[in-house]
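Chains as they are written, first to last, in the numbering used here: chain A, 1 to 79; chain B, 1 to 330.
Idealized CB from N, CA, C, for every residue including glycine.
Because the structure is a prediction, the values reported are computed rather than measured.
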Amino acid sequence: MKIIKVLGSGCAKCTKTAEAIERIAEELNIAVNIIKEKDPQVMMKFGVMSTPAVVVDEKLVHSGSIPHRGDIERWLVSD
Amino acid sequence: MLHLFTLFADWLVLEQLGFDRSERLGSALHFFVEDTTKIFALLIVMIYLIALARASLRIERVRDYLAGKNRLLGYGLGSMFGAITPFCSCSSIPLFLGFTSAGIPIGTTMAFLLTSPLINEVAIVLLGSLLGWKFTIAYILIGMTVGIVGGFFLDSINAGRLLQPFARKAFENAAKTSTSETDSDNALTLAVRHQFAVDELKDIFSRVWKWVFIGVGLGAALHGFVPDGWIEQNLAAGQWWNVPAAVLVGIPLYSNATGVIPVMESLILHGLPVGTTLAFCMSTVAASFPEFILLKQVMQWRLLALLFTMLLVSFTLVGWFFNIVAVWIV
Numbered sequence: 001m002k003i004i005k006v007l008g009s010g011c012a013k014c015t016k017t018a019e020a021i022e023r024i025a026e027e028l029n030i031a032v033n034i035i036k037e038k039d040p041q042v043m044m045k046f047g048v049m050s051t052p053a054v055v056v057d058e059k060l061v062h063s064g065s066i067p068h069r070g071d072i073e074r075w076l077v078s079d
Numbered sequence: 001m002l003h004l005f006t007l008f009a010d011w012l013v014l015e016q017l018g019f020d021r022s023e024r025l026g027s028a029l030h031f032f033v034e035d036t037t038k039i040f041a042l043l044i045v046m047i048y049l050i051a052l053a054r055a056s057l058r059i060e061r062v063r064d065y066l067a068g069k070n071r072l073l074g075y076g077l078g079s080m081f082g083a084i085t086p087f088c089s090c091s092s093i094p095l096f097l098g099f100t101s102a103g104i105p106i107g108t109t110m111a112f113l114l115t116s117p118l119i120n121e122v123a124i125v126l127l128g129s130l131l132g133w134k135f136t137i138a139y140i141l142i143g144m145t146v147g148i149v150g151g152f153f154l155d156s157i158n159a160g161r162l163l164q165p166f167a168r169k170a171f172e173n174a175a176k177t178s179t180s181e182t183d184s185d186n187a188l189t190l191a192v193r194h195q196f197a198v199d200e201l202k203d204i205f206s207r208v209w210k211w212v213f214i215g216v217g218l219g220a221a222l223h224g225f226v227p228d229g230w231i232e233q234n235l236a237a238g239q240w241w242n243v244p245a246a247v248l249v250g251i252p253l254y255s256n257a258t259g260v261i262p263v264m265e266s267l268i269l270h271g272l273p274v275g276t277t278l279a280f281c282m283s284t285v286a287a288s289f290p291e292f293i294l295l296k297q298v299m300q301w302r303l304l305a306l307l308f309t310m311l312l313v314s315f316t317l318v319g320w321f322f323n324i325v326a327v328w329i330v
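So, in structure tokens, the structure goes:
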């Protein structure tokens with residue numbers, strides 16, 4: 001199962017990002033574990049400077065905006 | 001061209017709805033319709049064009065550029081990038097840590113963070129259309145000066161020692177772990193730029209539209225319902241304590257530049273001195289408790305208190321200064 005972390009200080013966009021990933025994963029029938037990560041030290045570890053950011057299986061794939069649908073699908077199906 | 005919006009408000013409010021401009025409600029409504037339509041039209045055009053131009057300006061690039069710059073130069077550049085880089089205040093903390101862990105001095109980082117809420121394209125559009133270009137330039141210069149002087153001051157008192165321990169450690173370790181995973185997206189196609197600009201437009205617009213209504217609504221209410229001359233008689237420039245009072249009043253009012261600029265216009269039209277208005281506006285925008293609570297994650301209380309005091313003092317000085325030189329800029 002993929003572990004997807006949404007990094008952000010709890011702003012509206014971070015919540016939306018997590019929801020979008022959850023919804024699309026459900027549509028594609030892919031099991032994911034989504035974690036909302038608010039700890040600034042974790043963001044620093046991944047070198048994230050603008051939120052929301054997305055980390056898939058400990059790898060930073062996106063930062064700074066609510067991701068597009070196409071991107072989310074790509075993260076979910078890739079291995 | 002901006003005359004168009006006056007004509008539209010004339011048509012809608014006076015002809016179609018039958019209000020009389022000499023009455024309070026009619027005058028306030030006219031003001032509201034004219035300003036909101038004008039602001040929305042300008043915002044859509046400007047946000048799109050600016051986003052198109054700066055699609056390749058990523059915060060990671062700014063960091064890499066600022067890292068290793070000469071300190072004095074760094075304050076100016078930090079403040080400038082704070083003004084032009086798209087950046088949401090909810091990213092303050094990761095940005096602060098990102099800069100700090102790249103070895104950028106806290107003064108440069110704070111120059112960026114102080115200038116950022118004060119100057120952005122939305123603020124500039126609003127100022128330019130409501131208060132004229134001279135005022136806009138003066139505003140940009142002061143916003144940057146506050147950032148630069150603030151940054152310089154923080155470094156000169158060695159504010160780095162008052163960071164939270166993990167943040168200080170990140171700064172000290174910076175030399176060993178120089179980050180450079182900058183993506184090389186230097187040649188963006190027009191299609192990519194367009195997509196970015198559309199996203200930005202949607203994003204910014206969805207954040208600011210309600211502030212435009214609130215700001216212009218308040219402005220219109222002031223415009224129609226505060227008796228002419230009241231502000232002039234009660235809050236004229238002569239009394240030195242008006243400026244610090246305006247700064248204090250602005251603190252608990254938490255708004256962004258978009259909400260406050262239409263109010264500024266109204267206040268100035270009603271005779272509130274420019275400096276007092278500016279001091280009030282900057283205090284509302286840049287000195288807010290929610291923001292400071294966020295910064296607590298990376299700073300100790302003493303540093304927060306220092307920062308807060310520094311902002312209040314500098315806005316007061318700005319206010320006094322502009323009350324003196326007001327004759328040349330409005």
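Legend: CB atoms of the stretch 89–113 of chain B lying less than 7 angstroms from CB atoms of chain A belong to residues Cys90, Ser91, Ile93, Pro94, Leu95, Leu97, Gly98, Ser101. In the DSSP annotation of this structure, Ser56 (chain B) is not part of any alpha helix (DSSP H), being labelled neither H nor E. Proximity of Ile84 (chain B) to chain A, defined by a Cβ-Cβ separation below 7 angstroms, is not satisfied. The alpha carbon of Ile72 (chain A) has as its nearest neighbour, out of A:Cys11, A:Ser50, A:Lys16, the alpha carbon of A:Lys16. Rounded to whole angstroms, the gap between the alpha carbons of Phe153 (chain B) and Val61 (chain A) is 38 angstroms. By DSSP's assignment, Lys2 (chain A) forms a beta bridge with A:Val32. Interface annotation, Ile50 (chain B): not in contact with chain A, CB-CB separation never under 7 angstroms.
Against Phe166 (chain B), the close residues of chain A are Gln41, in the order they occur along the chain (beta-carbon pairs closer than 7 angstroms). If the five residues before and after Thr284 (chain B) are omitted, its C-beta is found closer than 6 angstroms to the C-beta atoms of Gly250, Leu253, Ser255, Val260, all from its own chain and listed in chain order.
As computed with DSSP, Ala53 (chain A) is found in a beta bridge with A:Leu7, A:Ser63. In the structure shown, Glu73 (chain A) adopts helical secondary structure according to DSSP, grouped into three states. For Leu163 (chain B), the three-state secondary structure derived from DSSP is strand. Around the C-beta of Met1 (chain A), fewer than 16 other C-beta atoms lie within 10 Å, and the residue is accordingly described as exposed. Contact annotation for Arg63 (chain B) against chain A: Met49 [CB-CB distance below 7 angstroms, chain order]. A straight line joining the alpha-carbon of Ile204 (chain B) with that of Tyr139 (chain B) spans about 21 angstroms. For Leu25 (chain B) and Trp211 (chain B), the gap between their C-alpha atoms comes out near 21 angstroms. When C-alpha distances from Gly147 (chain B) are compared across B:His30, B:Ile39, B:Ala287, the shortest belongs to B:Ala287. Residue range 242–250 is occupied by the alpha helix (DSSP H) that includes Ala246 (chain B). Judged by DSSP secondary structure, Met299 (chain B) falls outside any alpha helix (DSSP H); it is assigned neither H nor E.
Taking a C-beta cut-off of 9 angstroms against chain A, the contacting residues of the stretch 287–303 of chain B are Leu294, Gln297, Val298, listed in chain order. Close to chain B, meaning a Cβ-Cβ distance shorter than 9 angstroms, are the following residues of the stretch 60–76 of chain A: Leu60, Ser63, Gly64, Ser65, Ile66, His68. Gly103 (chain B) sits away from Arg63 (chain B), with the two beta carbons spaced by 7 angstroms or more. Our two residues, Val149 (chain B) and Ser314 (chain B), have alpha carbons roughly 9 angstroms apart in a direct line. For the pair of segments examined, the stretch 187–198 of chain B was found not to touch the stretch 6–17 of chain B: the number of CB pairs separated by less than 8 angstroms stays below three. When secondary structure is reduced to three states using DSSP, Glu23 (chain B) falls in the coil class, being assigned neither helix nor strand. Gly8, Ser9, Gly10, Cys11, Ala12, Lys13, Cys14: these are the residues of the stretch 8–22 of chain A whose beta carbon lies less than 9 angstroms from some beta carbon of chain B, given in chain order.
Looking at B:Phe321, B:Leu2, B:Phe32, the one whose alpha-carbon comes closest to that of Val263 (chain B) is B:Phe32. Here the alpha carbons of Leu7 (chain B) and Arg21 (chain B) stand approximately 13 angstroms from one another.
Glu58 (chain A) carries a coil assignment under DSSP once its states are collapsed to helix, strand and coil.
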